[in-house]
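A short write-up of the structure that comes next.
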Amino acid sequence: MNMGEADVEVDYLSAGANRQTPVADWHHDGTVAFGADWNIALWRPTDSTSRGIRRLLSGHSNTVKAVKFLPQVAGEPFSYLITGADDRCLKLWELDLVTFQGSCVQTVQEHTAAINCIAVLPRAPGPSARCIFASGAADASIKIWEFESSAIKLLQTIKTNPKYFPLAVVLSPLGGNSDEFVLAAAGTRDTVQIYVAESNEAGPEFKLQVTLSGHEGWIRSLDIVPEKEDAESDLLLASASQDKYIRLWRFRRGKALPEISAAGADSPLGSLLSETSPSNKVHRFKIMAGDFSVTFEALLLGHEDWIYSAKWHRGASGKLQLLSASADNSLSIWVADPTSGIWVTNVRLGEITKEKGGTTATGSIGGFWTGLWSPDASSVVTLGRTGSWRSWSYVEERDQWVQNIAVTGHTRAVTGISWARGGRYLLSTSADQTTRLHGKWKGGGGTWHELSRPQIHGYDLNCIDTLNDTSFVSGADEKLMRVFNEPKAVAKLIQRVTGATGTSDVDSLPDAANVPALGLSNKAIDTTTGDPIDGDPATATAARRSAAAPEADHPPFEESLSRHTLWPEVEKLYGHGYEISCLAASHDGRLVASACRASSVNHAVVRLFETRRWTEVRPPLAAHALTATRLRFSPDDAYLLSVGRDRQWAVFERAPLGEGAGGRGEGYADDDADGKRLGYRLLQADPKGHTRMILDAAWAPLREPRVFATAGRDKQVKIWATSSGEEAAKFGLAKVIANEHPVTAIDFSSRSSESGKLILAVGTEAGRIRIMSLQVGRDANVDVVSALELRPELCLPKAVLQLAWRPKRGESEQDNMELAIAGDDSSLRIYIFKNL
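Printed below as a string of structure tokens:
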């Protein structure tokens, strides 16, 4: 079948959210939109399928910081989304939230620095459907915009005075009058500025009226709500600060003051306020509609660290609730006591921990950056330091908040991916210093989820490969490689969740893993004894508790991933002098090949390690003069291919048995299983393989002729093949495939197409992905039979860093091919190709 008729489906999208308070918004239809690196992710937290991210929208050219849905008018076929980013652009998106399709319909760049926050005023009633919103940026300005007729235009620019960077803005009608508006703004100062405007034909013009003091740190979040549902109700403004407090402010129409403010210091509460607040005075201002006052209402104490977010919601009962998220790892719901009116914490979610300053490796979540209400207030979500979301829903029958499956993902570039040998799970590693294991949840309708976080490291991780179904090796910026074995707790978890079995001898695996204090190595421990522990009973108890993974049949929650699913480290492989750049494990699991960053011949060698005794095979393989960028063993391990920044490729062949170790380009080791010698020696190198650095390489699943591909910054993919089909024959150039952009990733599928042709996936620096069908003749002629260009919405906004086809797992899946894609945009994707 022609490849142009192939079907492409998105099976899995994983990406961590950017750590910003205004980075997400919850639409009234249940969709959450959040910034994920340069992308905007769409997710339905309360969806019964627990699918996770439904779509990634690309358009920004830097980190997305602010996301806000515009109010939707009944009858409109689309929803509209406003986003702001470090690229100084505001983008207007038109979304179909039924199909999750979306496109950017307008981009404006009026700010001169990163956009930090966005606030939206509800649409004015009437046929004009006029909508006002504001944006605050690091250029120390707030801009007022109008959205009308599916377009946005600038109405006003406010320069902050005294100068500060706005981190939070909020808009509201004032006093129930749709022609009077209030804008509250705050940020890198300890004050809140109140601007007031009256609407006119040209649009509202905001003027500074009041400055509220009292906080003692930067103010991270603002939200405003009518106290009651009637039109003349007072407004309540909540301000959340790094001083660990939330302050409530009351806006009242008229000259009369609230009872507490009028009582002043004569009341016990007034005395408390005068002690804790530098300023408790009454602020008055006047507009055409009359007099208004702003007074300090309440001080909310309870959090033990910076407060990043405060959001109001009025439930079905009409009762006001305030949701706050803090760096102390807690999410609190505040309500006013009906008798005293004092605001108290009604619900506290998350965790209370004494591990101040702890890392995720020691179990600390690292704080919550934002909190969101669902439209009906029955669910809440919060974003943690690891970029992962956590979700809770209120179960009325049990009068309890129950945690749900949420979205997790990397927060920096995904630098390496590797399928388990049997294809039952996918490993990914990233510059965010974590390794993650992804599998398909059989009980969730076949949806993909993160099931384990084997490695939480102190260095950026650069590469990974699996040794077998229960172990892998990874390389980082620390100049060495680490080998990990699957623990019993994780093996059983994967079996329960995916239904796929790995090793049949699960009981022989270590129980679990733990990270000792001040250490980088995951230590295997026994969950019954806590061994190995340094004789401290308290430490042993803590280790057993942290290793006891929950016996659940669903994917683990974020706190379990970072605490209970580590893999024990079994070996370290030394020898390189600089950061590890690439590695590969042989298909039989006997050898690991690796290379490091290098600017000289001495360090540009390929080192081999045998996996029985974990010793280095000497001497190392020499061919390159600069950093090797990719290493690949042929499917039968007969050859080792290396490519590098010095523009050359080199092929090393398995040496004839019994030959001795020798000079340049040769390395040998004893195989304990049968006493035979494992070795590789340089067969062929092409110093001018490409005209610019070579970034990736891949072997075709053929033995005759032998075929491999190389890809480089010269925008070319080159196919190399043996001309005669003989094992000793040299490789020659068989085909040059030109591309529009530098090619950063390629991979051959181990399975042929329906017509027996080779399938090659190509990823570029611009994020484009092509799937090509190649025909190889007996005389080593290679022809491109057909090519499939993925639709723009399926491509990445940044470079494709690695591609990996899933190994075939059964005859029933012959028609479908699955491709894993690792992106520089922190996303991990799995696409299904049908009819290739």
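Numbering of the sequence shown is given in the numbering used here, commencing with residue 485 and proceeding in unit increments. Using N, Cα and C, we set each Cβ at its ideal position, and we do this for glycine too.
#1: With which residues is His933 paired in a DSSP beta bridge?
#2: Quick check on this structure: which residue in Val557, Ala621 and Ile889 has the alpha carbon closest to the alpha carbon of Leu1045?
#3: With contact counted as at least three CB pairs below 8 angstroms, one residue from each stretch, are the region 918-933 and the region 944-958 in contact?
#4: Which residue wins for smallest C-alpha separation from Leu655, given the options Val666, Pro646 and Asn645?
#5: With contact counted as at least three CB pairs below 8 angstroms, one residue from each stretch, are the region 497-506 and the region 892-910 in contact?
#6: In terms of DSSP beta bridges, what is Cys947 paired with?
#7: Which same chain residues, not among the five before or five after Ile678, have their C-beta less than 6 angstroms away from its C-beta?
#8: Which one of Arg1262, Arg1252, Asp1267 and Ala1288 has the shortest CA to CA distance from Lys1282?
#9: According to DSSP, simplified to helix, strand and coil, what is Pro1103?
#10: In the structure shown, what three-state DSSP assignment does Gln979 receive?
#11: Should the region 1187-1201 be regarded as contacting the region 1216-1227, the criterion being three or more beta carbon pairs within less than 8 angstroms?
#12: With H, G and I counted as helix, E and B as strand and the rest as coil, what does DSSP make of Ala861?
#13: Return the residue from the list Ile642, Ala724, Glu630 and Glu700 that minimises the CA-CA distance to Asn684.
#14: How should Ala1304 be labelled, buried or exposed, when 16 other C-beta atoms within 10 angstroms of its C-beta is the threshold for buried?
#15: Would you call the region 538-546 and the region 869-886 touching, i.e. three or more CB-CB distances under 8 angstroms?
#16: Applying the 10 Å Cβ sphere with the 16-neighbour rule, what's the burial state of Arg503?
#17: Compare the beta carbon distance of Ala652 and Ala670 with 7 angstroms and say whether it is the shorter of the two.
#18: Can you give me the start and stop residues for the alpha helix (DSSP H) that Glu682 sits inside?
#19: Are there 16 or more other CB atoms within 10 angstroms of the CB of Tyr1315, so buried, or fewer, so exposed?
#20: Spatial neighbours of Ala621 within its chain, please: C-beta separation below 8 angstroms, excluding the five flanking residues on both sides.
#21: Report the CB separation of Leu1110 from Ala1082 in whole angstroms; it is logged as a contact under 8 angstroms.
#22: In angstroms with no decimal places, state the Cα-to-Cα distance between Asp433 and Thr644.
#23: Can you tell me where the alpha helix (DSSP H) with Glu1042 in it begins and where it stops?
#24: Starting from the C-beta of Gly912, find all residues in its chain whose C-beta is less than 6 angstroms away, skip the five residues before and the five after it, and write them out in chain order.
#25: Measuring only the C-alpha atoms, how far is Phe617 from Val492?
#26: Is Ser498 helix, strand or coil by DSSP?
#27: In three-state terms, what does DSSP make of Asp1309?
#28: Output the distance between the C-alpha atoms of Arg1290 and His544, rounded to the nearest integer angstrom.
#29: How would you call Glu716, buried or exposed, if buried means at least 16 neighbouring beta carbons within 10 angstroms?
#30: Whose C-beta lies closer than 8 angstroms to the C-beta of Thr760 among residues of the same chain, with five residues either side of it excluded?
#31: When DSSP labels each residue in this structure, what does Leu1277 get in the three-state scheme?
#32: Cα separation between Gly1173 and Val1260?
#33: By the three-class DSSP mapping on this structure, what secondary structure does Val974 have?
#34: Short check: CB of Asn813 to CB of Glu835, under 7 angstroms?
#35: With distances taken from CA atoms, which of Leu574, Ser532 and Pro529 is nearest Glu547?
#36: Helix, strand or coil for Gly802? Go by DSSP, reduced to three states.
Result, derived from the coordinates:
#1: On the sequence shown, residue 933 is found 449 positions in, with the first residue counted as 1. Beta-bridge pairing links His933 to Gly923.
#2: Here residue 1045 refers to the residue found at position 561 of the sequence shown. Ranking Val557, Ala621 and Ile889 by Cα distance to Leu1045 puts Ile889 first.
#3: yes
#4: The residue you call residue 655 lines up with position 171 of the sequence shown. It is Val666 whose Cα lies nearest to the Cα of Leu655.
#5: yes
#6: Counting from one through the sequence shown, the residue named residue 947 turns up at place 463. DSSP output for Cys947 lists Gly959 as bridge partner(s).
#7: The residue given as residue 678 occupies position 194 in the sequence shown. Excluding positions up to five away in sequence, the list reads Ala668, Gln693 and Val694.
#8: Here residue 1282 corresponds to residue number 798 of the sequence shown, with the count starting at 1. Per the Cα distances, Arg1252.
#9: Working through the sequence shown from its first residue, we reach residue 1103 at position 619. In the structure shown, Pro1103 sits in a strand (DSSP, three-state: E or B).
#10: As a working mapping, residue 979 is identified with position 495 in the sequence shown. Looking at Gln979 - three-state DSSP - the assignment turns out to be helix.
#11: yes
#12: If you number the sequence shown from 1, residue 861 lands on position 377. Residue state, collapsed to three classes: coil.
#13: Position 200 of the sequence shown holds residue 684. Nearest option by C-alpha distance: Glu630.
#14: Residue mapping note: residue 1304 aligns to position 820 of the sequence shown, counting from 1. Classification for Ala1304: buried.
#15: no
#16: Looking up residue 503 in the sequence shown gives position 19. Result: buried.
#17: Position 168 of the sequence shown, counting from 1, holds the residue named residue 652. Position 186 of the sequence shown, counting from 1, holds the residue named residue 670. Taking 7 angstroms as the Cβ cut-off, Ala652 and Ala670 qualify as a contacting pair.
#18: What you label residue 682 is simply residue 198 of the sequence shown in a count that begins at 1. That residue, Glu682, is in no alpha helix (DSSP H); its beta strand (DSSP E) goes Val676 to Glu682.
#19: Looking up residue 1315 in the sequence shown gives position 831. Answer is buried; the Cβ neighbour count reaches 16.
#20: Along the sequence shown, one-based indexing puts residue 621 at 137. Answer for Ala621: Gly568, Arg572, His595, Thr596, Ala597, Ala598, Ile599, Asn600, Lys627, Phe649 and Pro650, listed in chain order.
#21: Working through the sequence shown from its first residue, we reach residue 1110 at position 626. Working through the sequence shown from its first residue, we reach residue 1082 at position 598. At roughly 6 angstroms, the Cβ-Cβ gap stays under 8 angstroms, so Leu1110 and Ala1082 are in contact.
#22: Past the edges of the chain, shown from 485 to 1320, lies residue 433, and the structure says nothing about it.
#23: Here residue 1042 corresponds to residue number 558 of the sequence shown, with the count starting at 1. Where Glu1042 is concerned, the enclosing alpha helix (DSSP H) stretches over Glu1042 to His1048.
#24: Numbered from its first residue, the sequence shown carries residue 912 at position 428. Gly is not the amino acid found at residue 912; the sequence shown has Ser there. Hits under 6 angstroms: Val898, Ile901, Arg920 and Leu1312.
#25: Locating residue 617 in the sequence shown gives position 133, where the first residue counts as 1. Locating residue 492 in the sequence shown gives position 8, where the first residue counts as 1. Cα to Cα, Phe617 sits roughly 38 angstroms from Val492.
#26: Within the sequence shown, the letter at position 14 stands for residue 498. Note: Ser498 maps to strand in three-state DSSP.
#27: For the purposes of this step, residue 1309 is taken as residue 825 along the sequence shown, with counting starting at 1. In this structure, Asp1309 counts as coil in the three-state DSSP scheme.
#28: On the sequence shown, residue 1290 is found 806 positions in, with the first residue counted as 1. On the sequence shown, residue 544 is found 60 positions in, with the first residue counted as 1. The alpha-carbon atoms of Arg1290 and His544 are separated by roughly 31 angstroms.
#29: Counted from its first residue, the sequence shown places residue 716 at position 232. Glu716 is exposed by the Cβ-count criterion.
#30: Position 276 of the sequence shown, counted from the first residue, corresponds to residue 760. Residue placement at Thr760 is flagged as unreliable, the pLDDT there being 45, under the threshold of 50; the coordinate-derived value follows with that caveat. Same-chain partners within the cutoff: Leu783.
#31: Numbered from its first residue, the sequence shown carries residue 1277 at position 793. Looking at the sequence provided, one finds Glu at residue 1277 rather than Leu. Reduced to three states, the DSSP call for Glu1277 is helix.
#32: Your numbering for residue 1173 matches position 689 in the sequence shown. Your numbering for residue 1260 matches position 776 in the sequence shown. Spanning the two alpha carbons is a distance of roughly 20 angstroms.
#33: What you label residue 974 is simply residue 490 of the sequence shown in a count that begins at 1. Looking at Val974 - three-state DSSP - the assignment turns out to be helix.
#34: One-based indexing of the sequence shown puts residue 813 at position 329. One-based indexing of the sequence shown puts residue 835 at position 351. Yes, these two residues count as a Cβ contact at 7 angstroms.
#35: For the purposes of this step, residue 547 is identified with residue 63 of the sequence shown, where counting begins at 1. The sequence shown places Thr at residue 547, rather than the Glu named in the question. Ranking Leu574, Ser532 and Pro529 by Cα distance to Thr547 puts Leu574 first.
#36: Position 318 of the sequence shown, counted from the first residue, corresponds to residue 802. Of the three classes helix, strand and coil, the one that applies to Gly802 here is coil, per DSSP.
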